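Novice:
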Amino acid sequence: MTSQVVENKKLLVLLIDGFRWDYFNIPGLQLPGFSRLFEQGVKADYMIPDFPTLSFPNFYSLMTGLHTEDHGFVGNYMYHEEKQSSFEYKMVNLESNQSHWKKRTYMFEWPGCHVPVHNMTSTFCDKMNEWPMVPQTVNNLKKAVDLLKTDKIDFAGVYLNAVDRWGHSYGPNSKEVFDIVKQTDEAIQEMLLLLKTYNLEKNTNVVIFSDHGMTEISESRTIDISDHIGSVDVIAVEDKGAVCSIWPREGKIDKVYTGLTSMGNSHIKVFKKETLPDRWHYRNNKLVAPIIVVADLGWYILTPGGPSIDKYMNGPAKGYHGYDNAEEDMHGIFLAMGPDFKKNYKTGPVRAVDIYQVMCKALKIQPLPHKGDWSRLKDIFK
Ligand SMILES: [Zn+2]
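Under full-length UniProt numbering, think of the first position of the sequence shown as 1, with each following residue one higher.
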């Protein structure tokens, strides 16, 4: 043992739900907070989420470095065949056999931080009450910085939902979304000021990422599969919109599959579980349904349980996500700044599963087995 004290660096993580990779390039929109981050840190071209490009599957991919099929959070709404019950993201108790966080962590309104993973939760979990808007997030950032400047915690995670909500409500190309991006930038400016004021810049790394992007949808681009499933032939139909999971009754997989493919609709792809593309890493889990229907970008699948487009603040959604993760519009962001990261450094695309190891390295903890690729990120560190 050396007597030299290794300075323990802190980590502040900001997860911005639904922040699309190109929101930085909105014409005429000045974003001084983000611009400062680019100058002072690392920016990836974009972040490729896991499939399906929905929030909850990706929250877990981001925080564990595991693919959807490994961590088992395969959709927002799922069906458990053995238990014969449907459940949604709020009720999940992941069947992971690994605990991922061994530092003193404080999560602010972080979705799922109250849910134990192998009987382990974050040290503190300020459970999400509503969907946090920008002012709440600024407050949470203040609380996070306050705690980080003490020796009480090593890691603070803050979650912002507003960009996703505005994206759904008004569509990604709306003035309202541009406004919420501007407000988010103001929150970033506030965060940078707090770090400076409390003299935390030297020992605190900051990592910012989103979980997915957003694309425009329209009531004129819906596909109703209700009449083609055969209600007597299915046990459960989970999720709608971009991706729909179907659990046929025993012996009815082929019949339901044929019913869907015979629609001849060129804007959906119908997969039996075993034919799902390898690149989605979305096959080897019992929670993945026997039949998966995926809509083309911007199209919306309607089901018996979801006969209309989801309603948001402004009526039916005008923006949506969940589509193929190869689609540019589904891509999110990854930024990092602080004493361990290079300055003014651009790197290529990263994947959701890559980010866990970055956070582990910043906290000097040994990552558990994960699916991230170090070659995509090793150069971002000093
Ligand atoms: Zn969303």
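Just so it is clear, CB atoms sit at the ideal spot from N, CA and C, and this is done for glycine as well. These numbers come from a predicted model, not from an experiment.
May I have a chain-ordered list of the alpha helix (DSSP H) segments no shorter than 4 residues that lie completely inside the stretch 244-271?
Specialist: Complete alpha helix (DSSP H) runs here, min 4: 253-261.
Novice: Just the Cα atoms here: how many angstroms apart are residue 414 and residue 194?
Specialist: Nothing about residue 414 can be read from this structure; the chain reaches only from 1 to 382.
Novice: For residue 166, count neighbouring Cβ atoms within 10 angstroms of its own Cβ and tell me buried if that reaches 16, exposed if not.
Specialist: Looking at its Cβ environment, which holds 16 or more other Cβ atoms inside 10 Å, residue 166 is buried.
Novice: So residue 383 is in the beta strand (DSSP E); what residue range does that whole segment cover?
Specialist: The chain is shown from 1 up to 382; residue 383 falls before or after that span and cannot be answered.
Novice: Does at least one heavy atom of ligand 1 sit under 6 Å from the Cβ of residue 391?
Specialist: Nothing can be reported for residue 391, as the shown portion of the chain is limited to 1 through 382.
Novice: Going by the C-beta, is residue 18 closer than 6 Å to any heavy atom of ligand 1?
Specialist: Yes, Cβ of residue 18 sits closer than 6 Å to a heavy atom of ligand 1.
Novice: Closest to residue 43 by CA distance: which of 359, 343, 371 is it?
Specialist: It is 343.
Novice: Mark residue 197 as exposed unless 16 or more other C-beta atoms lie within 10 angstroms of its C-beta, in which case mark it buried.
Specialist: Result: exposed.
Novice: Alpha carbon to alpha carbon, how far is residue 300 from residue 262?
Specialist: One C-alpha to the other measures close to 18 Å.
Novice: With the cut-off set at 7 Å, would you say residue 362 and residue 11 are in Cβ contact?
Specialist: In this structure, residue 11 lies closer than 7 Å to residue 362 by Cβ.
Novice: Beta-carbon within less than 7 Å of residue 145's beta-carbon, same chain only, minus the 5 sequence neighbours each way: which residues are those?
Specialist: Correct list, in chain order: 194, 195, 198, 200.
Novice: Terminal residues of the continuous alpha helix (DSSP H) containing residue 107?
Specialist: First-last for residue 107: 105-108, but that is the beta strand (DSSP E), not the alpha helix (DSSP H).
Novice: Beta-carbon within less than 7 Å of residue 259's beta-carbon, same chain only, minus the 5 sequence neighbours each way: which residues are those?
Specialist: Result list for residue 259: 228, 229, 230, in chain order.
Novice: Just how far apart, CA to CA, sit residue 278 and residue 143?
Specialist: Residue 278 and residue 143: Cα-Cα distance of roughly 42 Å.
Novice: Mind checking residue 41: buried by the 16 CB within 10 Å criterion, or exposed?
Specialist: Per the 10 Å Cβ criterion, buried.
Novice: Between the beta-carbon of residue 221 and the beta-carbon of residue 322, is there less than 7 Å?
Specialist: Not closer than 7 Å, so no.
Novice: Does the distance from the C-beta atom of residue 106 to that of residue 62 stay below 7 Å?
Specialist: No, the pair does not count as a contact, with Cβ atoms beyond the cut-off.
Novice: For residue 53, which residues of its own chain have a beta-carbon under 7 Å away from its beta-carbon, when the five flanking residues on both sides are left out?
Specialist: Result list for residue 53: 212, 321, 322, 323, 325, 330, in chain order.
Novice: Closer than 6 Å by C-beta to residue 252: which residues in its own chain qualify, once you throw out the five before and the five after it? Chain order, please.
Specialist: So the list reads 233, once near-sequence residues are dropped.
Novice: Would you please state the rounded distance, in angstroms, between the beta carbons of residue 368 and residue 354? I believe it to be under 8 Å.
Specialist: The pair is not a contact, with the Cβ atoms about 15 Å apart (cut-off 8 Å).
Novice: If I measure Cβ to Cβ from residue 68 and keep anything under 7 Å in the same chain, skipping five residues before and after, which residues do I get?
Specialist: Around residue 68: 50, 51, 57, 61, 74, 281, 282.
Novice: Jot down the residue ranges of each uninterrupted beta strand (DSSP E) in the stretch 211-241, minimum 3 residues, whole runs only, in chain order.
Specialist: Counting whole runs of 3 or more residues, the stretch 211-241 contains the beta strand (DSSP E) stretches 222-224, 234-238.
Novice: Counting C-beta neighbours from all protein chains within 10 Å, is the total for residue 348 16 or more, i.e. buried, or is it exposed?
Specialist: Residue 348 comes out exposed.
Novice: Taking the alpha helix (DSSP H) that residue 205 belongs to, which residues open and close that run?
Specialist: Careful: residue 205 lies outside any alpha helix (DSSP H), inside the beta strand (DSSP E) at 204-209.
Novice: Cβ atoms of residue 163 and residue 18: under 7 Å apart, would you say?
Specialist: Yes, the pair counts as a contact, with Cβ atoms nearer than the cut-off.
Novice: What residue range does the beta strand (DSSP E) around residue 42 cover?
Specialist: 41-44 is the extent of the beta strand (DSSP E) around residue 42.
Novice: Measuring only the C-alpha atoms, how far is residue 25 from residue 316?
Specialist: Looking at the two C-alpha atoms, the distance is approximately 27 Å.
Novice: Our contact map puts residue 309 next to residue 267 with C-beta atoms below 8 Å; I'd like the distance itself, whole angstroms only.
Specialist: Contact doesn't hold; Cβ gap of about 15 Å is too wide.
Novice: Going by DSSP in three states, residue 316 sits in which element: helix, strand or coil?
Specialist: Three-state DSSP puts residue 316 in a strand.
Novice: When the Cα atoms are used, what is the spatial distance from residue 158 to residue 216?
Specialist: Straight-line Cα distance between these residues: approximately 27 Å.
Novice: Counting along the chain, where does the alpha helix (DSSP H) carrying residue 301 start and finish?
Specialist: Looking at the DSSP string, residue 301 is not in any alpha helix (DSSP H); the run it does join, the beta strand (DSSP E), is 300-302.
Novice: Report yes if the C-beta distance between residue 242 and residue 295 is below 7 Å; otherwise report no.
Specialist: Yes; because the gap between Cβ atoms is below 7 Å, this pair is in contact.
Novice: Given this structure, state the Cα-to-Cα distance separating residue 382 from residue 14, to the nearest angstrom.
Specialist: The alpha-carbon atoms of residue 382 and residue 14 are separated by roughly 21 Å.
Novice: Would residue 374 be called buried (16 or more neighbouring beta carbons within 10 Å of its own) or exposed?
Specialist: Result: exposed.
Novice: Going along the chain, which residues of its own chain have a beta-carbon closer than 6 Å to the beta-carbon of residue 98, five neighbours each way excluded?
Specialist: Bear in mind that a pLDDT of 38 at residue 98, under 50, signals an unreliable position, so the model cannot answer this.
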